[in-house]
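Asker: Note that the protein sequences, when read in sequence, are chains A and B. When you number the first sequence by this note's numbering, it's gap-free, plus one each residue, and the end is 622. When you number the second sequence by this note's numbering, it's gap-free, plus one each residue, and the end is 798.
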Amino acid sequence: MIRGYAGKFLEVDLSAKSFKGVGFSDKVLRDYVGGRGLAAKILWDRLGSRWETVDPLGPENLLLFLTGPLTGFFPGGRICVSGKSPQSNGVVGSTVGGEFGVELKCAGYDGIIVAGEAEKPVYLFIKDSDVEIRSASHIWSLDAKQTVAALTRECRELLRARYPQKGEWKEPSILYIGPAGENKVRTAAVAAKWSHAAGYGGYGAVMGSKRLKAIAVKGTGPLPEVADLEGVKALMQEVCNNAYESELWRRWGTGASGYEVGAKTSSEPVRNWQEEWHDEKSFGVNEFENRVWVKQYWGDFGCPTTCLKLAVVRAGKFKGAITDNPDYELQAYVGTNLGIFTPEDNVYMASVIDDLGLCGIQTGNVLGFAAELFQRGMLTKEDLDGIELNWGDTEAFAKLAKKIAYREGIGNILAEGTYRAALKIGEMKGVDVMPYAVQVKGIGVGAHGIRSEKDYPEIYSYACSVQGGDHTSVACMPLDDFRSELMMAFHDSGVYCYFNVFGLSRTVVFNFYKAVTGIELTKEDWVATKAMKIIQLQRAMLLLGGPDLRWNPEIHDDNPPRFYEPLPSGPYKGKVIEKTRVDEEKHRYYELVGWDERGIPKSETLRKLGLEDVDRALEKLR
Amino acid sequence: MASEEKTSIWIARDLSKCSGCRKCEIACSLFHEKRIWPEASRIRVFMLAPGIEFPHFCVQCEDYPCVQACPVNALSVNKETGAVIVDSSACIGCGKCIEACPGRIPHMHPVENKVLICDLCGGDPQCVKVCQEGLWNVLWVVPRGNYSYKLYARTPEEIARDLAVKIFGEEGERYV
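1) Strictly under 9 angstroms for the Cβ-Cβ distance: is G72(A) near chain B by that measure?
2) What does the alpha-carbon distance come out to for the pair H278(A) and K264(A)?
3) If we define contact as Cβ-Cβ less than 9 angstroms, is E225(A) a contact residue for chain E?
4) Measuring CA to CA, which of P222(A), L308(A), S25(A), G108(A) is closest to E734(B)?
5) In chain A, which residues lie less than 9 angstroms from K757(B) when you measure between Cβ atoms?
6) Put Y498(A) into one of helix, strand or coil per three-state DSSP.
7) What residues in the stretch 309-330 of chain A bring their beta carbon closer than 9 angstroms to a beta carbon of chain B?
8) For a minimum of 3 consecutive residues, which ranges assigned as the beta strand (DSSP E) are wholly contained in the stretch 44-69 of chain A?
9) By how many angstroms is the C-alpha of V509(A) removed from the C-alpha of L29(A)?
10) So P553(A) and G599(A) are in contact, right, with Cβ under 8 angstroms, and what is the actual spacing, rounded?
11) Between the alpha carbons of K287(A) and D636(B), how many angstroms are there, rounded?
12) Bridge partners for A216(A) per DSSP, in chain order?
13) Can you tell me where the alpha helix (DSSP H) with L151(A) in it begins and where it stops?
14) Just the C-alpha distance for S625(B) and V699(B), rounded to the nearest angstrom, thanks.
15) With a cut-off of 9 angstroms, does the C-beta of W273(A) fall near any C-beta of chain B?
16) At least one CB of chain B closer than 9 angstroms to the CB of L87(A): is that the case?
17) What residue does the beta strand (DSSP E) around Y625(A) start on, and which one ends it?
18) Apply the 10 Å Cβ neighbour rule to R36(A) and answer buried if 16 or more other Cβ atoms are within range, or exposed otherwise.
19) By the criterion of Cβ-Cβ separation under 7 angstroms, what are the contact partners of H729(B) in chain A?
20) Does the count of Cβ pairs from the stretch 161-179 of chain A and the stretch 46-62 of chain A closer than 8 angstroms reach three?
21) Taking CB distances under 9 angstroms as the criterion, tell me whether E171(A) reaches chain B.
22) So which of A775(B), T777(B), W758(B), P660(B) has the shortest CA-CA distance to P304(A)?
23) Counting only C-beta atoms, is I658(B) closer than 9 angstroms to chain A at any point?
24) Within 10 Å of its beta-carbon, does R160(A) have 16 or more other beta-carbons around it, so buried, or fewer, so exposed?
25) Counting pairs of beta carbons, one from the stretch 658-665 of chain B and one from the stretch 310-325 of chain A, are three or more of them closer than 8 angstroms?
26) What residue ranges within the stretch 6-35 of chain A form continuous beta strand (DSSP E) runs of no fewer than 3 residues, ordered along the chain?
27) Quick check: what's the CA-CA separation for W51(A) versus M541(A)?
28) So, is the C-beta of R635(B) closer than 9 angstroms to a C-beta in chain A?
29) Among A447(A), K454(A), V440(A), whose alpha-carbon lies nearest the alpha-carbon of A463(A)?
30) Tell me whether the stretch 178-186 of chain A and the stretch 703-717 of chain B touch, counting them as touching only if at least three CB pairs, one residue from each stretch, are closer than 8 angstroms.
31) If you measure from the beta carbon of T306(A) to each beta carbon in chain B, is any gap under 9 angstroms?
32) Measure the alpha-carbon distance for S505(A) versus G258(A) and round it to whole angstroms.
33) Going by DSSP, what residues sit across from M730(B) in a beta bridge?
34) Whole angstroms are fine: how far does the CA of E578(A) sit from the CA of P86(A)?
35) What residue does the alpha helix (DSSP H) around P553(A) start on, and which one ends it?
36) Starting from the Cα of K218(A), find the closest Cα among E132(A), R622(A), P547(A), S246(A) and give me that residue.
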């Protein structure tokens, strides 16, 4: 057995109310590692032959919670959530911070595969090898903070009653959904703690479709044996020492960017990306630091950086609102993107998003989209159920977010996410509103614009990514560049926080992998064979699509229309991205990853990688 | 430092600063168990509500009620460090020390039939080292004085409720 793994996965069938332990061969684990890579492999093997017909929100879909060999060892614990995405109809490796992955490994599992759907709301309670499917009727419809409090109390009481000799039980680690996930909102997240979210992919909706409110796990064992404990300890120290020197990341996290990315690189969404520049000093990190951050250093298992901050509004109409940070993405997406430029309003919006169990990026994207349609008179106050959705009106946006989470009125349309909502509204109104949808393949683009070419410099970043608008997985050349999605796939397959890699040589992660697993792996080998396989699998499933829609790479391997408008303001005012340039670079990228001129993985590429069955499945697209 | 001079030490603590990084658990279990094993750590970070993580570990009460309560004399006080030492061959895992502790701090080893109590690593506590290294300053070593250390021995719920009010404000308790 390869070191670093607990050695088995838990498979739960919610329809049959049964569960069992399953394993994967050493070869599969060597090739796909864990997390995102293994998710692509599992989904392809089990659903690939009928991928197009699988409804992501139906019982056939699988919901995966996967650790990787580095989880718990590499500083900064995470867990990877995956399945067929109700946003892209492909596969997204969506990771979230916290102790869940560590607890799971300590309970003896490398991951959980959830199949089927429960008749009534349930949650899973795992204590080492004891697995229970428990009723969740009493916690269904609770918001994030209520869910965490109720489950923490309930599970500790269960543990106390069952093991009275133990002493005080620490809380189990919990992943859960809020009302948005329960209502199968496509922008719903799988959440940890109160505000940590696996947002990209829309797996909160998948969890809701299975009526699975939460998973609580308590693992009392040690993390698995590693190949070289002294090596692991030395590498942990190296990673930590590097992070300790990074004053910016430790002190401000990504929070410094809410002002900076707008003012300096001019690549921040402002009012649904109508601009990417602002110079609002009211949104400087110092304002957050001094006014709302009550805990400035907050992190997850083993983390030396603690880029998270705890924010509480102490006074004013939003008094009592609590969230983390907000981090850059939420400062942007439920801040500047909605015309909101004060920390208290931003914290309140983020707390509303958290409580409802929404993804802040995807929901901020669709809220901005709706507000622009209101600005242009394409959606009226009547269409919006009486809400005047003016830029900067925090309470109006919060009201609409609630409608989305509960699928009420206009919220039922916006709950489909920006792309699907644009199709519906276009049909309803008889006008093309797609020019205002800032998304790629059903996934709202992360808060890093490409037009200034100063932040995310690759103008084909999102267009060619196998995870669409996901800013944590972008296309980039050369393929072994540290920002390339082939490299990101390593972090998300080893399953740890890549923020703790900043400033270090990229070989550290492969050294870490070797010290944990005992397997030698070079960056070159990773990129050329292993990551390449993962990317091809993800690409294949993305292109095969789903029952409601399918992507044509000739049309959809592209930027949102907005990114071809000249930047209207700021230091790069007037700058334009030419589509011909995007097309040229896109084709260069296709060449490197072995796709044909239409963007379909070539037969020879797939066969060389041993993916003959994928090749056969893609025959119909060629 | 303290270990060389062999004076009793105490781990001073500012719980509200805890980042929740749990490096203390990692360091403690690596030192005592040669594994990363949070549930076997003598210092445990509780998170009864997100954002109010804090380390829970022995305070070395002046009157050592746990030692007094042990029916088999498995607990003793190390004169040099002031730490409670568990004789794991003598411990019967009865849990009397847990009941006696005003903070219900000792807990059972997850697989062995013995109780776990902080032994101050013989005078050079590993948890303090990593906490200092990370500049969190939740934990630091001071010479043991003649103070009411017992005041610090409180249950996880008691600590969590207080910290929740301190950190979140008047409504904080409802999240615990």
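Cβ atoms here follow ideal geometry from the backbone N, Cα and C, with glycine treated the same way.
Answerer: This is what the structure gives:
1) Residue mapping note: residue 72(A) aligns to position 72 of the first sequence, counting from 1. So yes, G72(A) belongs to the interface.
2) As a working note, residue 278(A) is residue 278 in the first sequence. As a working note, residue 264(A) is residue 264 in the first sequence. So the alpha carbons of these two residues sit roughly 9 angstroms apart.
3) Here the protein chains are A and B, and chain E is not one of them.
4) Sequence index remark: in the second sequence, residue 734(B) carries index 112 (1-based). Comparing Cα-Cα distances from E734(B) to each of P222(A), L308(A), S25(A), G108(A), the minimum goes to P222(A).
5) On the second sequence, position 135 is the one that residue 757(B) refers to. One detail in the question is off: residue 757(B) reads as Leu in this sequence, not Lys. The contacting residues are Y244, R250, Y297.
6) Position 498 of the first sequence, counted from the start, is the residue given in the question as residue 498(A). Y498(A) falls in the helix class under three-state DSSP.
7) L310, V312, R314, K319, G320, I322, D324
8) 63-66
9) Taking the first residue of the first sequence as position 1, residue 29(A) is located at position 29. Taking the first residue of the first sequence as position 1, residue 509(A) is located at position 509. Approximately 17 angstroms, taken between the alpha carbons.
10) By 1-based counting over the first sequence, the position of residue 553(A) is 553. By 1-based counting over the first sequence, the position of residue 599(A) is 599. 3 angstroms between Cβ atoms; contact.
11) Stepping through the first sequence from its first residue, residue 287(A) is reached at position 287. Stepping through the second sequence from its first residue, residue 636(B) is reached at position 14. It is worth fixing the name first, because residue 287(A) is Glu in this sequence and not Lys. Straight-line Cα distance between these residues: approximately 26 angstroms.
12) Against the first sequence, residue 216(A) aligns to sequence position 216. Paired residues: F125(A), I174(A).
13) On the first sequence, position 151 is the one that residue 151(A) refers to. Per DSSP, L151(A) belongs to the alpha helix (DSSP H) from 144-162.
14) The residue given as residue 625(B) occupies position 3 in the second sequence. The residue given as residue 699(B) occupies position 77 in the second sequence. Low confidence applies here, because S625(B) scores a pLDDT of 44, under 50, leaving its location unreliable and the question unanswered by this model.
15) For this step, residue 273(A) is matched to residue 273 along the first sequence. False, the Cβ-Cβ gap to chain B never drops below 9 angstroms.
16) The residue you call residue 87(A) lines up with position 87 of the first sequence. Contrary to the premise, residue 87(A) reads as Gln rather than Leu in this sequence. No, no contact with chain B.
17) Since the first and last residues shown for chain A are 1 and 622, residue 625(A) lies out of range.
18) Here residue 36(A) is taken as the residue at index 36 of the first sequence, counted from 1. The residue in question, R36(A), is buried, as its Cβ has 16 or more Cβ neighbours within 10 Å.
19) Working through the second sequence from its first residue, we reach residue 729(B) at position 107. Near H729(B) (Cβ distances below 7 angstroms), the residues of chain A are K166, G167, E168.
20) no
21) One-based indexing of the first sequence puts residue 171(A) at position 171. Yes, because at least one Cβ of chain B sits closer than 9 angstroms to the Cβ of E171(A).
22) To locate residue 304(A), count along the first sequence from 1; it is residue 304. Of A775(B), T777(B), W758(B), P660(B), the residue nearest in Cα terms is W758(B).
23) For the purposes of this step, residue 658(B) is taken as the residue at position 36 of the second sequence. Chain A, which has a Cβ nearer than 9 angstroms to the Cβ of I658(B), makes this yes.
24) Reading the first sequence from its first residue, position 160 is the one you call residue 160(A). Exposed, because fewer than 16 other Cβ atoms sit within 10 Å of the Cβ of R160(A).
25) no
26) 9-13, 18-22
27) Taking the first residue of the first sequence as position 1, residue 51(A) is located at position 51. Taking the first residue of the first sequence as position 1, residue 541(A) is located at position 541. Distance between the alpha carbons of W51(A) and M541(A): 7 angstroms.
28) What you label residue 635(B) is simply residue 13 of the second sequence in a count that begins at 1. By this cut-off, R635(B) is not an interface position.
29) Within the first sequence, numbered from 1, the residue matching residue 463(A) stands at position 463. The option with the nearest alpha carbon to A463(A) is V440(A).
30) no
31) The residue you call residue 306(A) lines up with position 306 of the first sequence. Interface residue, yes.
32) By 1-based counting over the first sequence, the position of residue 505(A) is 505. By 1-based counting over the first sequence, the position of residue 258(A) is 258. Taking the straight line from one Cα to the other gives about 27 angstroms.
33) Start at 1 with the first residue of the second sequence, and residue 730(B) comes out as number 108. DSSP, once it has assigned bridges, lists V737(B) as partnering M730(B).
34) On the first sequence, residue 86(A) is found 86 positions in, with the first residue counted as 1. On the first sequence, residue 578(A) is found 578 positions in, with the first residue counted as 1. C-alpha separation (whole angstroms): 31 angstroms.
35) Here residue 553(A) is taken as the residue at index 553 of the first sequence, counted from 1. 553-556 is the span of the alpha helix (DSSP H), which, as asked, contains P553(A).
36) Residue 218(A) sits at position 218 when you count from the first residue of the first sequence. Measuring from the Cα of K218(A), the nearest candidate turns out to be E132(A).
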